[in-house]
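Below is one structure, written out as structure tokens; comments come after it.
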Amino acid sequence: MWKQFRKFSSSSTAKEKKWDALIIGGGHNGLTAAAYLARSGLSVAVLERRHLIGGAAVTEELIPGFKFSRCSYLQSLLRPCVIKELELKRHGLKLLKRSPSSFTPCRDRRYLLLGPDKELNYSEISKFSKSDADAYSRYESQLDKFCEFMDPLLDLPTPETLQGSSNLNTRMKHKLQNSAFWANFLRRAVHLGQKDLVDLMDLLLAPASKVLNKWFETEVLKATLATDAVIGTTAGVHTPGSGYVLLHHVMGESDGDRGIWSYVEGGMGSVSSAIAAAAKEAGATILTNAEVSKLMIEDTGRVHGVLLADGTILHSSVVLSNATPFKTFMDLVPDDVLPHDFHNAIKCSDYRSATTKINLAVDKLPQFQCCNLSHPDAGPQHSGTIHIGPESIEEMHSAAQDAENGLPSRRPIIEMTIPTVFDKTISPSGKHVIGLFIQYTPYKPSDGSWENPVYRESFAQRCFSMIDEYAPGFSSSIIGYDMLTPPDLERVIGLTGGNIFHGSMGLDSLFLMRPVKGWSNYRTPIEGLYLCGSGTHPGGGVIGAPGRNAAHVVIEDFKKS
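In the numbering used here, the protein residues as written are 18 to 578.
See the structure below:
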């Protein structure tokens, strides 16, 4: 019963208790779920496989003095309600806004700066096309309108059909809740209007190239904007539905400013640390070096705890998994427990990745020759995301085609970030941390193996040489680097296939279809087992919504018990 919820002091050993809830994985969504569950009065333990919390939102000092945001590297998508309700700023979260937020150098020594300053955007785009400069503010306004329409969907569980047997009152309440959801959705659709609804559907279903070609004529502008449509995916700019990923990446905000991406002081691990602090303050216990090897399932089909890799058994009323759906159901659930259709749907889901992250320690800032500057200080070209490589839609398509043919892109798409322009806490004085988010790199390249050090180094040097084209001498500034290819992301972080979203963000894998049809509301066919990671609605990124939404579903189910 609700009144029987209880807390345990963190001084007690985990194995001596029967927990209300155990959470597999100390990534940001798992920590978010823990915070909300603990605040409701439940006893909660988070079990993290690695030696540190954070999952993909982690800060690691891999080269002495240099602290890398090893996987995720920018903050915008974290839901405002999570920041406010968990008081993350009180717990140390500090956002560092970027302006300008985007810089694209060109091989012909021109460049494009973009950011929150509308006058700057107009001036910069006008260098290439007056008509594009006029269209850009209308383009941004339309995306803002679509984001406002979609935004409320992110903070609510999906209106999934009721699973399993239930009494009449439960069925009626569920129908009323779903009816209210769709009624509210239809009211907002009517308010948006038919023309904008049709435009929204066009954006969601169309290739990003089609969307951008309708708005703009300047290739470098289209290529800059198109990176948001393909980042973290195997899709190309001509892939139908890639327009949605573009929208997904502009849905966020920083301190109320929509579409603005920020650095986080101390690196992305500071996001996870702030959420963990909120969870621990509420009474949650967080354990590291606690790898879960199996879920414990009763003969009745209900989960009753987990078995750790060291043989320890922890008992609980419910378990939430922040691991990928594939890892949860293919590796942690015992054989012959899941319904065949569900098992097959999870097994056949798309977990492909073509993403590589390189983190570098450098002894100076890159000097871009298009800016005609020779001094070492940071300028506007260093503050935002620096787009290196393809300067047209077709060059981006060629990069994707290389990967389709099993090869790492000959001219990869590189997003370079330099957080130390703003954050002086993560590198020695006068030196810098640089992140490179790179596409496309197949999980199993046909011309070699990521396990081969020579092959890895060859690709890394390909990327560094590309940067040298725009910033001569960059390669000579490198002190050291860390490289995570798709197999590394799977092995180190636990991302199946290296997919940073815990599964494809295609339209067939979103909302009521995420992770699979019929099970989009964080519950699973195993009673007492829930999902709370990015493989659930509303999807990937450092967003916190899956963890928050899943926790509310668990709390609701506890109230019924």
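Positions of the beta carbon are idealized from the N, C-alpha and C atoms, including for glycine.
Only a predicted model underlies this, so the values are computations on that prediction, with no experimental measurement involved.
Residue i in three-state terms, based on DSSP
i, result
"P503", "helix"
"N376", "strand"
"F454", "strand"
"D367", "coil"
"S26", "In this predicted model, S26 has a pLDDT of only 35, less than 50, meaning its place in the structure is not dependable; the value taken from the coordinates is given anyway. In this structure, S26 counts as coil in the three-state DSSP scheme."
"G557", "coil"
"W36", "strand"
"F491", "coil"
"L512", "coil"
"E177", "coil"
"K144", "coil"
"H191", "helix"
"Y460", "coil"
"S279", "strand"
"G47", "helix"
"G520", "coil"
"L527", "coil"
"G535", "coil"
"H449", "strand"
"Q211", "helix"
"S338", "strand"
"L203", "helix"
Cβ-Cβ separation, residue j to residue i (assumed contact under 8 Å), whole Å
i, j, result
"N46", "P563", "5 Å"
"T373", "L501", "7 Å"
"T235", "S146", "5 Å"
"P503", "G520", "Going by Cβ atoms, the distance from P503 to G520 rounds to 14 Å, so no, they are not a contact pair."
Beta-bridge pairing of residue i - partner residues as DSSP gives them
i, result
"P436", "DSSP lists no partner for P436."
"I403", "F120 and M433"
"G322", "M313 and H332"
"D274", "S271"
"Q478", "Answer is none; Q478 lacks a bridge partner."
"Q398", "In the DSSP output, where bridge partners are listed per residue, Q398 has none listed."
"G86", "Residue identity differs from the one stated: residue 86 is Ser in this sequence, not Gly. Answer is T76."
"E544", "R319"
"V63", "I40 and I303"
"K114", "S279"
Backbone CA spacing between residue i and residue j [nearest angstrom]
i, j, result
"R23", "P459", "Summary for R23: the model assigns pLDDT 36, below 50, so the residue's position carries little reliability, and this model does not support an answer."
"Q21", "F163", "Unreliable positioning characterises Q21 in this predicted model, as indicated by a pLDDT of 32, which lies under 50. The coordinate reading is nonetheless provided below. One C-alpha to the other measures close to 43 Å."
"L221", "D316", "44 Å"
"I560", "E308", "24 Å"
"L355", "G276", "41 Å"
"N389", "P122", "12 Å"
"D327", "P470", "32 Å"
"K34", "I330", "10 Å"
"E157", "Y139", "12 Å"
"V142", "A223", "Checking the sequence, you will find Ile at residue 142 rather than Val. Cα to Cα, I142 sits roughly 24 Å from A223."
"Y280", "N538", "31 Å"
"L14", "T434", "Not covered by the structure: residue 14. The range shown for the chain is 18 to 578."
"S409", "V237", "6 Å"
"S26", "I572", "For S26, the pLDDT reaches just 35, beneath the cut-off of 50, and the residue's location in the model is therefore unreliable, although a value from the coordinates is still provided. The straight-line gap from Cα to Cα measures roughly 20 Å."
"F518", "S551", "6 Å"
"S29", "V61", "Note that S29 scores a pLDDT of 44, beneath 50, so its modelled location is shaky and nothing firm can be said."
"G490", "I403", "17 Å"
"D213", "R204", "14 Å"
"W19", "G401", "Below a pLDDT of 50, predicted positions are generally treated as unreliable, and W19, at 32, falls in that range; no measurement from the model is reported."
"P351", "A50", "24 Å"
"V254", "G132", "22 Å"
"K106", "P117", "24 Å"
"M268", "S578", "36 Å"
"A477", "K311", "37 Å"
"A243", "L69", "34 Å"
"I314", "V320", "4 Å"
"E177", "Y368", "23 Å"
"I292", "G523", "29 Å"
"L170", "F198", "9 Å"
"G556", "L527", "7 Å"
"Q384", "A488", "5 Å"
"A294", "G72", "16 Å"
"V336", "L113", "35 Å"
"T581", "R66", "In the structure displayed, the chain extends from 18 to 578; residue 581 sits before or after that span and is not available."
Residue i CB to nearest heavy atom of the ligand ATP below 6 Å
i, result
"D367", "The ligand ATP is not part of this structure, which contains no ligands at all."
Three or more beta-carbon pairs under 8 Å between the segment 147 to 154 and the segment 536 to 551, yes or no?
no
Is the segment 238 to 249 close to the segment 406 to 422, with three or more CB pairs under 8 Å?
yes
Would the segment 374 to 383 and the segment 330 to 350 be scored as touching if the rule is three or more Cβ pairs under 8 Å?
no
Does the pairing of the segment 271 to 291 with the segment 74 to 84 give three or more beta-carbon distances under 8 Å?
yes
Three or more C-beta pairs under 8 Å: does that hold for the segment 439 to 454 against the segment 81 to 100?
yes
Say whether the segment 254 to 263 touches the segment 223 to 241, bearing in mind that this needs 3 or more beta-carbon pairs closer than 8 Å, one atom from each stretch.
yes
Using a Cβ distance threshold of 8 Å, determine whether the segment 418 to 435 contacts the segment 49 to 56, with at least three qualifying pairs required.
no
Counting pairs of beta carbons, one from the segment 295 to 309 and one from the segment 468 to 486, are three or more of them closer than 8 Å?
no
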